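Counting in the working numbering, the sequence shown runs from 13 upward without gaps.
Yeah, the Cβ is synthetic: ideal placement off N, Cα and C, and Gly gets one too.
None of these values were measured; they are calculated from a predicted model.
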Amino acid sequence: MQSRSGAQERVDWVDYAKGWCIILVVMMHSTLGVEESLGRESWLNDFIDWARPFRMPDFFLVGGLFLSRTIDRPWGDYLDRKVLHFVYFFVLWTLIQGAPKLLFTEGADPLAILHGLAFAMVEPFGTLWFIYLLPIFFVVTKALRRAEVDVVLFLAAMAQIAGIETPSTVVDEFASRFVYFYGGYAFAPQIFAFAERARANARKTIAALFLWGVVNGLAVRYGLAPLPGVSLVLGFVGAAAVVAFSALLAQARILPVLPALGARSIVVYLAFFLPMAMTRVALVKSGLNMDAGLLALIVTASAISVPLAMRRFTQGTRLGFLFERPAFFRLPREPQRQPLYLKSGDESERRGDAWPFRRDWEHSTRF
């Protein structure tokens, strides 16, 4: 099922999936921050651990779903859409997040602050590593578009299983996450077909989701989830579970706030850190004798709602640049030389890149 969004079409369950993903990400950071501030665990901790195997794999898998619609565009157009777009927001929000942090830690030393900001362009601050990795994934995938899919998937899986650890967050996360992004790109038609089958067999899907939830929980509880190979399987199976669950919710039109949130997930991801930290500090220092889990949920709600409010109130104003890339930060568009629709037997279709939905990643992440 597709839903209308202005003149563009949206795939409803994808926005549901992205909505769940961003909630889980913000909840994790909010809960861990509250627990560290209070010096004790909350009842949310078990849920955070349960979602760990699939939380980011699903985010990256969804990120690769629509790449087939733009991957054969000319490099200039592609770099504007898939690289410069995210580079702009990474640099901007690194300055927004990093300047106050460095002022607090480095004092008024301008050279130390500049050094810290420059280093952040190589080693991203906090959660911004996700925004840093996306353009790298886009470039690498386009560069490998003529390579054998099975070979790329095998090498990416081996990198994930290897559990590479270096001083670089970017290198480590690339090795750990690229297999999911590339899997979303390579298996997009199968993933969309799987979502439709999940809708058509709702009872079996619900039973399978229950079984998956139990198995995933047992793997986490008994320390199996981080093991090489096991983490890869749990990541893909968990991502498939989120797809199926989201497809069911979209079909039943339950929790309409989720697709609305999913359509703006990057807005939340960019800006949730500051309201999260401010709300946590205010509540912890208030002296209220509040349950740690409830406090974490309040912090999560604030960290999600404040960025959405910021986006709404800055749109069309001089502060619109916070969530909308200005015209001067765009490359001139090259003429489209690829056919809009693939004919049967085209090379892209034989690679498994063709998919039936008139939508791409740029629209899915449009602010």
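(message) Which complete alpha helix (DSSP H) runs does the stretch 122-199 hold, if anything under 4 residues is left out?
(response) 122-132, 141-155, 161-174 and 181-198
(message) Assuming residue 262 and residue 284 are in contact, meaning their beta carbons sit under 8 Å apart, how far apart are those beta carbons, in whole angstroms?
(response) Residue 262 to residue 284, Cβ: 24 Å. No contact.
(request) Inspect the CB distances between the stretch 317-331 and the stretch 54-69 and report whether three or more fall short of 8 Å. (result) no
(message) If you reduce the DSSP assignment to three classes, tell me which class residue 339 lands in.
(response) helix
(request) Out of 229, 49, 135 and 259, state which residue places its alpha-carbon closest to the alpha-carbon of residue 209. (result) 259
(request) Measure the alpha-carbon distance for residue 170 versus residue 244 and round it to whole angstroms. (result) 10 Å
(request) Look at the alpha carbon of residue 60 and the alpha carbon of residue 40, and state the distance between them as a whole number of angstroms. (result) 6 Å
(request) Just the C-alpha distance for residue 207 and residue 299, rounded to the nearest angstrom, thanks. (result) 47 Å
(request) Determine the contact status of residue 2 and residue 95, defining contact as a CB-CB distance below 8 Å. (result) No answer is possible for residue 2: it lies beyond the span of the chain, which begins at 13 and ends at 379.
(request) Tell me whether residue 308 sits in a helix, a strand or coil according to DSSP, three-state version. (result) helix
(request) Could you say which of 152, 174 and 256 lies nearest to residue 164 if we only look at CA atoms? (result) 152
(message) Is the separation between the beta-carbon of residue 201 and that of residue 28 shorter than 8 Å?
(response) no
(message) Alpha carbons only, please: which of 36, 25, 325 and 78 is nearest the one belonging to residue 199?
(response) 78
(message) With the cut-off set at 8 Å, would you say residue 74 and residue 312 are in Cβ contact?
(response) no
(message) Rounded to the nearest angstrom, what separates residue 98 and residue 172 at their Cα positions?
(response) 24 Å
(message) With H, G and I counted as helix, E and B as strand and the rest as coil, what does DSSP make of residue 39?
(response) helix
(message) Alpha carbons only, please: which of 76, 51 and 155 is nearest the one belonging to residue 204?
(response) 76
(request) Enumerate in chain order the residues of its own chain whose CB-to-CB distance from residue 145 is below 8 Å, with the five nearest sequence positions on each side excluded. (result) 182, 185, 186 and 189
(message) Mapping the DSSP letters down to three states, classify residue 330 as helix, strand or coil.
(response) helix
(message) Quick check: the Cα distance between residue 51 and residue 30, rounded to an integer number of angstroms?
(response) 31 Å
(message) Please identify the residue among 56, 33 and 64 whose C-alpha is closest to the C-alpha of residue 236.
(response) 64
(request) Compute the Euclidean distance between the alpha carbons of residue 175 and residue 72, then round it to the nearest angstrom. (result) 18 Å
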